[in-house]
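Peer 1:
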Amino acid sequence: MKSASALIALTLFGSAATAQTTVSKAPFGNTPDGKPVDAYTLKDKALTVKIITFGAHIIQIDAPDRTGKDADVVLGYTSMDGANSGYIADNKTYMGSVVGRYGNRIAKGQFTIDGKQFQVDTNEKGNTLHGGKDGFDRRNWTAKQIPGGVELTLVSPDGDQGFPGTLTAHVRYTLTGDKLKIAYSATTDKPTVLNLTNHSYFNLAGSGTVLNEVMKIDADRYTPIDSQSIPTGDLPSVAGTPFDFRTPTPIGARIHADNPQLKLAKGYDHNFVLNPPHTLTHPAVVVTDPGSGRTLTVYTTEPGVQFYTGNFLDGTFTGQTGKEEQYDGFCLETQHFPDSPNHPAFPTTVLRPGQTYNTTTIFQFTAK
Ligand code: BGC
1159 MKSASALIAL TLFGSAATAQ TTVSKAPFGN TPDGKPVDAY TLKDKALTVK
1209 IITFGAHIIQ IDAPDRTGKD ADVVLGYTSM DGANSGYIAD NKTYMGSVVG
1259 RYGNRIAKGQ FTIDGKQFQV DTNEKGNTLH GGKDGFDRRN WTAKQIPGGV
1309 ELTLVSPDGD QGFPGTLTAH VRYTLTGDKL KIAYSATTDK PTVLNLTNHS
1359 YFNLAGSGTV LNEVMKIDAD RYTPIDSQSI PTGDLPSVAG TPFDFRTPTP
1409 IGARIHADNP QLKLAKGYDH NFVLNPPHTL THPAVVVTDP GSGRTLTVYT
1459 TEPGVQFYTG NFLDGTFTGQ TGKEEQYDGF CLETQHFPDS PNHPAFPTTV
1509 LRPGQTYNTT TIFQFTAK
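Residue 1278 in our numbering sits at position 120 of the sequence shown, and the numbers go up by one each step.
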């Protein structure tokens, strides 16, 4: 049992930690149908994080290097409606958004729950990517300020993109010191499938390629894909392959290796099976930029992470530091495995009435 003084100290520490974070709100343009979009700025001593209501996107994270100099370490745009440089025009890269209902792919957009077959919107080569054409990344979420951050809420109606059940989803972004916490929760009124994640593209140098940033992923296995980027269902060991990031290795060291999986995806675009424990104190991924010393540590309750090296960025869109080209950012989409609804051996993504979906990921930014 905790002593009374320990409890008081914990309470004081807890409130002092959040009291340092300031939260402010400003207009950020309009949705395509003219609804106002707001930007929330979360500021603590170490970090400044900007989030918009449209798609619950993270649009900016300013983090210091080893000398204290800030850079924006996520790719993003400065407006809603810039030509080839705004959140409306870019409906391809999922730049910093929350993706849902189902992050990554569902083969043929089909799955069965309790013997009932569902067909959801197919928006990529006959499969469903990131929840269909009008996914959660294209919705204007309602927002309210909470201590140290912002809570975004989306009600997705029964039948949305073909998914069953009215789903009420919340994403809470909070900042404490050098840690940005993303807590997802949701409930449904009919059995459905759910896999929410954030699709930020990180670049710890602030611009240029990420190929020399050094990656460590605590995963002994990964989920190989077929020619349509759907998991084959195998869970092979990473040992002796370019997928072995158990010791820190530059992202680019083996990305062009003669490996069929890397060729299929034009780089890394694979789900890594995270070793347990899946807790908020166990680092799942650690990335360092040797130049600036900026280091990102990822903690998550999720069993997997999609490591994607921006293989399909092709200069179409212009972000805050210029055209977004291949390998200019990497995503670490903490998640359940792609196409889980069609792989009974994978951890389940079914959410039922009466259950509450709860997952949390922390992105911590330090410098060394
Ligand atoms: C997927 C990629 C896809 C990208 C879209 C990633 O999560 O795994 O295959 O091209 O999202 O920006």
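Backbone N, C-alpha and C define an ideal beta-carbon position, used for all residues, glycine too.
Would you decide whether histidine 1494 is buried or exposed? Buried here means 16 or more other CB atoms lie within 10 Å of its CB.
Peer 2: As a working note, residue 1494 is residue 336 in the sequence shown. The residue in question, histidine 1494, is buried, as its Cβ has 16 or more Cβ neighbours within 10 Å.
Peer 1: Please check the pair isoleucine 1290 and tyrosine 1359, which I expect to be a contact at CB under 8 Å, by giving their CB distance rounded to whole angstroms.
Peer 2: For the purposes of this step, residue 1290 is identified with residue 132 of the sequence shown, where counting begins at 1. For the purposes of this step, residue 1359 is identified with residue 201 of the sequence shown, where counting begins at 1. Inspection of the sequence shows that residue 1290 is occupied by glycine rather than by isoleucine. With 8 Å as the limit, glycine 1290 and tyrosine 1359 do not qualify as a contact, their Cβ atoms being about 21 Å apart.
Peer 1: For ligand 1, is there a heavy atom less than 6 Å away from the beta-carbon of tyrosine 1466?
Peer 2: Counting from one through the sequence shown, the residue named residue 1466 turns up at place 308. Indeed, a heavy atom of ligand 1 lies less than 6 Å from the Cβ.
Peer 1: Taking alanine 1301 as part of the beta strand (DSSP E), name the residues at either end of that continuous run.
Peer 2: For the purposes of this step, residue 1301 is identified with residue 143 of the sequence shown, where counting begins at 1. Looking at the DSSP string, the run of the beta strand (DSSP E) that includes alanine 1301 is 1300–1304.
Peer 1: Tell me the DSSP secondary structure of serine 1343 in three-state form.
Peer 2: For the purposes of this step, residue 1343 is taken as residue 185 along the sequence shown, with counting starting at 1. DSSP places serine 1343 in strand when its eight states are reduced to three.
Peer 1: If I measure Cβ to Cβ from histidine 1440 and keep anything under 7 Å in the same chain, skipping five residues before and after, which residues do I get?
Peer 2: To locate residue 1440, count along the sequence shown from 1; it is residue 282. Excluding sequence neighbours, histidine 1440 sits near Tyr1457.
Peer 1: Would you give the residue range spanned by the beta strand (DSSP E) that lysine 1274 belongs to?
Peer 2: What you label residue 1274 is simply residue 116 of the sequence shown in a count that begins at 1. First-last of the beta strand (DSSP E) with lysine 1274: 1274–1277.
Peer 1: How many angstroms separate the CA atom of methionine 1253 from the CA atom of glycine 1487?
Peer 2: Position 95 of the sequence shown holds residue 1253. Position 329 of the sequence shown holds residue 1487. C-alpha separation (whole angstroms): 10 Å.
Peer 1: Check tyrosine 1515 in the structure and name its three-state DSSP category.
Peer 2: Here the question's residue 1515 lines up with position 357 in the sequence shown. In this structure, tyrosine 1515 counts as strand in the three-state DSSP scheme.
Peer 1: Specify the secondary structure class of arginine 1404 as computed by DSSP and reduced to three states.
Peer 2: What you label residue 1404 is simply residue 246 of the sequence shown in a count that begins at 1. Coil at arginine 1404, not helix or strand.
Peer 1: Secondary structure at alanine 1162, three-state DSSP: helix, strand or coil?
Peer 2: For the purposes of this step, residue 1162 is taken as residue 4 along the sequence shown, with counting starting at 1. Its pLDDT being 43, under 50, alanine 1162 is placed unreliably in this model, and the coordinates cannot settle the point.
Peer 1: Can you determine whether any heavy atom of ligand 1 sits closer than 6 Å to the C-beta of tyrosine 1540, and answer yes or no?
Peer 2: The structure shown has nothing for residue 1540, since the chain only spans 1159 to 1526.
Peer 1: So what does serine 1498 bridge to, in DSSP terms?
Peer 2: Counted from its first residue, the sequence shown places residue 1498 at position 340. None; serine 1498 has no bridge partner.
Peer 1: If distances are taken between C-alpha atoms only, which option among His1501, Thr1492, Ser1237 comes closest to valine 1257?
Peer 2: Here residue 1257 is taken as the residue at index 99 of the sequence shown, counted from 1. Closest option to valine 1257, Cα to Cα, is Thr1492.
Peer 1: From leucine 1333 to glutamine 1319, what distance separates their C-alpha atoms?
Peer 2: In the sequence shown, residue 1333 corresponds to position 175, counting from 1. In the sequence shown, residue 1319 corresponds to position 161, counting from 1. The alpha-carbon atoms of leucine 1333 and glutamine 1319 are separated by roughly 32 Å.
Peer 1: Please report the straight-line C-alpha distance between leucine 1438 and aspartate 1196, rounded to a whole angstrom.
Peer 2: Residue 1438 sits at position 280 when you count from the first residue of the sequence shown. Residue 1196 sits at position 38 when you count from the first residue of the sequence shown. Cα to Cα, leucine 1438 sits roughly 29 Å from aspartate 1196.
Peer 1: To which residues of the same chain is alanine 1241 closer than 8 Å at the C-beta, ignoring the five residues directly before and after it?
Peer 2: Counting from one through the sequence shown, the residue named residue 1241 turns up at place 83. Taken in chain order, the residues that qualify are Ala1247.
Peer 1: Measuring alpha carbon to alpha carbon, tell me which residue in Thr1225, Leu1200, Thr1300 is nearest threonine 1189.
Peer 2: The residue labelled residue 1189 in the question sits at position 31 within the sequence shown. The residue with the shortest Cα to Cα distance from threonine 1189 is Thr1300.
Peer 1: Kindly indicate which three-state DSSP category alanine 1247 falls into: helix, strand or coil?
Peer 2: By 1-based counting over the sequence shown, the position of residue 1247 is 89. If DSSP states are grouped into helix, strand and coil, alanine 1247 belongs with coil.
Peer 1: Quick check: what's the CA-CA separation for phenylalanine 1321 versus asparagine 1281?
Peer 2: Stepping through the sequence shown from its first residue, residue 1321 is reached at position 163. Stepping through the sequence shown from its first residue, residue 1281 is reached at position 123. About 14 Å.
Peer 1: Around the Cβ of histidine 1414, are there at least 16 other Cβ atoms within 10 angstroms (buried) or fewer (exposed)?
Peer 2: Along the sequence shown, read from residue 1 onward, the residue named residue 1414 stands at position 256. Burial call: exposed.
Peer 1: For alanine 1442 versus aspartate 1336, is the C-beta distance shorter than 7 Å?
Peer 2: Residue mapping note: residue 1442 aligns to position 284 of the sequence shown, counting from 1. Residue mapping note: residue 1336 aligns to position 178 of the sequence shown, counting from 1. No, the Cβ-Cβ distance between alanine 1442 and aspartate 1336 is not below 7 Å.
Peer 1: Shorter than 6 Å, the distance from the beta carbon of aspartate 1427 to the closest heavy atom of ligand 1, or not?
Peer 2: Residue 1427 sits at position 269 when you count from the first residue of the sequence shown. Yes.
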